[in-house]
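Heads up: the sequence shown runs through residues -32 to -1, 1 to 379, numbered per mature numbering (1 follows the signal peptide of the UniProt record, and there is no 0). For each residue, glycine too, the CB sits at the ideal point set by N, CA and C. For clarity, every value in this text was computed on a predicted model and none was experimentally measured.
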Amino acid sequence: MHVVILMTERPRKAAFSTLLAFGLALASSACAIVDESLAPRSYRMNEGWEEYRNNAILLNIIRASNSAPLHFVSLVKYTGTGEASAGMSAQLSYAAADANGARTFGPLTAGGKVDNTIELATLDTTEFTQGMIAEVSPQEFHQLLGSGIPREVLLHVLLDTVQVENGSGVSFDFRNDPLDDKYTGSDPRGCDAYEYAVPFAEPIWFGVHEGDCRYHKFNTFVRKAVEYGLDADPVKAVNPEAGTVKDAPPKKVVWQLCYNAGVNREYDRLSTVGQSPSACGKSVERRGDETIPFAYNGRTIYLRRLNPKFRSPIGAFRYLGRLVASGAAQSVRLNRTAEARDLRTGDTRLMTLEGAGAACFAEAAYLGERYCVPAQGAQNTKSVFSLLATLVALRTKRSDLPAATSLVLRP
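Take a look at the structure:
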């Protein structure tokens, strides 16, 4: 671009004023070159990190399916530098007898260059490892319920075992293991031939069938946990350090599992959960041997103890890996909660994996095999990924990351 200016008086002063104006214009243009790249770069970085995180979660599940070590990486710092250049040439020629000579400025040139720097950190500190192998606490379970992840998805992934003591004082451990579901009877329908609506109400629960269909029985407690609104709240409990540690208060706040009467009323209009000592909001320490009643066909079934045990975050990855390795990933299905259904397809599977050829929400290649969570549908699986990402973030402390002066992002 060339600009021609005719100067009628004070030609030199006018020339320098014009040069100054062009310099300011060029500086503004250079800033625009850099600033206009900020929004698309930020968007691409956000989108790229999402893709990486989803793929990394799937890769760790596949590693777990092969009993391989898991690896976690976090984005520590993302920086961008911009460089702008601008130039203009000026041709000034003065004639002695020419008071109104033409002065030519140009051409105008501007350019820019953007560079990005990404710093990653492997999460392998002692503190991070200890956090990843520690069981999910009742307080964390309560917080996860508030994240929008369906309660049934949380229970299927986080519950490791349900410890039960029936009315006769016999203790049972029902594990969250689809492979622990053998049947020794003669009915061709197998475990599906029996009713599991209420614990210990049918013959499949005791006698010769006591050890049969244990995963079906575990699912009974998952359904009950959903219907009873299993949650957690803070209560005041006796402080064991009181009297032995200086200035220790007699009471301390602890989180205990409880049942949400409001949720239960959605399933049972005659609900009596609100009258139970285990109802949320009682604000008192609960007994571990509290009797829990279940109504069934006009009679009441009593359990002396019902104790859900949660997994650790690493345990959740290992559990999902076991589902993939055993082929049971497609068979673990949600029971009855509408919020946990796949709204597009009605798919009740907890984990949906496909092979090559699909558009993927997450994909991973391991030992020559390709794994894909489809982009369309698979809502339950996406909820599982949201849960795993949240668990890793909860267990990642700032001390696990190298010192950085920029924004710290955690997976």
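Task: Integer Cβ distance of Leu291 from Val194, believed to fall under 8 Å - done: The Cβ separation is near 20 Å, so there is no contact.
Open item on the list: According to DSSP, simplified to helix, strand and coil, what is Glu234?
Closed with: In the three-state scheme derived from DSSP, where H, G and I count as helix and E and B as strand, Glu234 is classed as helix.
Task: Whole-number beta carbon distance between Ala205 and Val190, since they are thought to touch under 8 Å - done: Not confirmed; about 27 Å, so no contact.
Open item on the list: Below 8 Å, how does it come out for the segment 23 to 39 and the segment 277 to 293: are there three or more Cβ pairs, yes or no?
Closed with: In short, these stretches touch, since the Cβ pair count reaches three.
- [ ] Measure from the alpha carbon of Tyr183 to the alpha carbon of each residue in Ala293, Val166, Glu234 and Thr129, then state which is nearest.
- [x] Nearest of Ala293, Val166, Glu234 and Thr129 to Tyr183, Cα basis: Thr129.
Task: Cβ neighbours of Met100 in the same chain (closer than 6 Å, five flanking residues each side left out) - done: So the list reads Pro281, Ile282 and Arg363, once near-sequence residues are dropped.
Open item on the list: Buried or exposed, going by whether 16 or more other CB atoms sit within 10 Å of the CB of Arg267?
Closed with: Exposed, since its Cβ has fewer than 16 Cβ neighbours within 10 Å.
Open item on the list: Can you look up Thr129 in the DSSP assignment and give me helix, strand or coil?
Closed with: Secondary structure at Thr129: strand, using DSSP grouped into helix, strand and coil.
Open item on the list: Which runs of the beta strand (DSSP E) at least 3 residues long sit entirely within the segment 91 to 174? Give them in chain order.
Closed with: Taken in chain order, the complete beta strand (DSSP E) segments of 3 residues or longer contained in the segment 91 to 174 are 127 to 134 and 139 to 143.
Open item on the list: Distance check for Asn144 and Ala293, CA to CA, integer angstroms please.
Closed with: The C-alpha of Ala293 lies about 16 Å from the C-alpha of Asn144.
Task: 8 Å contact criterion, which Pro167 and Ile269 should meet: CB distance rounded - done: Right, the Cβ-Cβ distance comes to about 6 Å (below 8 Å), so this counts as a contact.
Task: Simplified DSSP assignment, three categories, for Arg254 - done: Looking at Arg254 - three-state DSSP - the assignment turns out to be coil, as it is neither helix nor strand.
Open item on the list: Comparing C-alpha positions only, which one of Thr188, Ala200 and Thr212 sits nearest to Arg114?
Closed with: The residue asked about is misnamed: residue 114 is Gly in this sequence, not Arg. When only C-alpha atoms are compared, the closest one is Ala200.
- [ ] Could you tell me whether the Cβ atoms of Gly137 and Arg254 are closer together than 8 Å?
- [x] In this structure, Gly137 keeps its C-beta atom at 8 Å or more from the C-beta atom of Arg254.
Task: Assigned exposure category for Leu321 - 16 Cβ within 10 Å defines buried - done: The Cβ neighbour count for Leu321, taken over all protein chains shown within 10 Å, is at least 16; the residue is labelled buried.
- [ ] Go ahead and pull the three-state DSSP assignment for Lys365.
- [x] If DSSP states are grouped into helix, strand and coil, Lys365 belongs with coil.
Task: Exposure label - Ala361; buried when at least 16 CB within 10 Å - done: Counting C-beta atoms within 10 angstroms of its own C-beta, Ala361 has fewer than 16 neighbours from the protein chains shown and is therefore classed as exposed.
Task: Nearest neighbour of Leu369, chosen from Glu337, Ser10, Ala343 and Phe96 [CA to CA] - done: When only C-alpha atoms are compared, the closest one is Phe96.
Open item on the list: Do Leu126 and Phe140 count as a contact pair if the criterion is CB distance below 8 Å?
Closed with: The Cβ atoms of Phe140 and Leu126 lie no closer than 8 Å to each other.
TODO: Put Pro208 into one of helix, strand or coil per three-state DSSP.
DONE: Coil at Pro208, not helix or strand.
TODO: Would you give the residue range spanned by the alpha helix (DSSP H) that Thr188 belongs to?
DONE: First-last of the alpha helix (DSSP H) with Thr188: Arg182 to Glu195.
Open item on the list: If I measure Cβ to Cβ from Leu359 and keep anything under 6 Å in the same chain, skipping five residues before and after, which residues do I get?
Closed with: So the list reads Pro281, once near-sequence residues are dropped.
TODO: Can you have a look at Arg12 and say buried or exposed, based on whether 16 or more other CB atoms are within 10 angstroms of its CB?
DONE: That one is exposed.
Open item on the list: Mapping the DSSP letters down to three states, classify Arg301 as helix, strand or coil.
Closed with: It is a strand residue.
TODO: Would you list the residues sitting across from Pro245 in a DSSP beta bridge?
DONE: The partner list for Pro245 (beta bridge, DSSP) is empty, contrary to what the question assumes.
Task: Distance, Cys159 Cα to Ala89 Cα - done: Rounded to whole angstroms, Ala89 to Cys159 spans 48 Å at the Cα level.
- [ ] Would you mind giving the Cβ-Cβ distance between Leu27 and Tyr287, rounded to the nearest angstrom? I have them listed as a contact below 8 Å.
- [x] That pair is no contact at about 16 Å.
Task: Candidates Leu147, Leu43 and Ala297, of which the one nearest residue 384 by Cα - done: Examination of residue 384 is not possible in this model, given that the chain is present from -32 through 379 alone.
- [ ] Could you tell me whether the Cβ atoms of Ala330 and Asn23 are closer together than 8 Å?
- [x] In contact: Ala330 and Asn23 (Cβ atoms closer than 8 Å).
TODO: Could you check how far apart the C-beta atoms of Asp149 and Cys181 are, in whole angstroms? I think they sit under 8 Å.
DONE: Asp149 to Cys181, Cβ: 6 Å. Contact.
- [ ] Can you grab the Cα-Cα spacing for the pair Arg366 / Asn14, in whole Å?
- [x] If you take the alpha carbons of Arg366 and Asn14, they lie about 20 Å apart.
Task: Val292, enclosing alpha helix (DSSP H) - first and last residue - done: Per DSSP, the unbroken alpha helix (DSSP H) holding Val292 starts and ends at Pro281 to Ser294.
Open item on the list: In whole angstroms, give me the CA-to-CA distance for Trp17 and Ser10.
Closed with: Inter-residue distance for Trp17 and Ser10 is about 11 Å (C-alpha atoms, whole angstroms).
Open item on the list: Can you find the residues in the same chain that come closer than 7 Å, C-beta to C-beta, to Leu147, ignoring five residues on each side of it along the sequence?
Closed with: Same-chain partners within the cutoff: Ser294 and Ala296.
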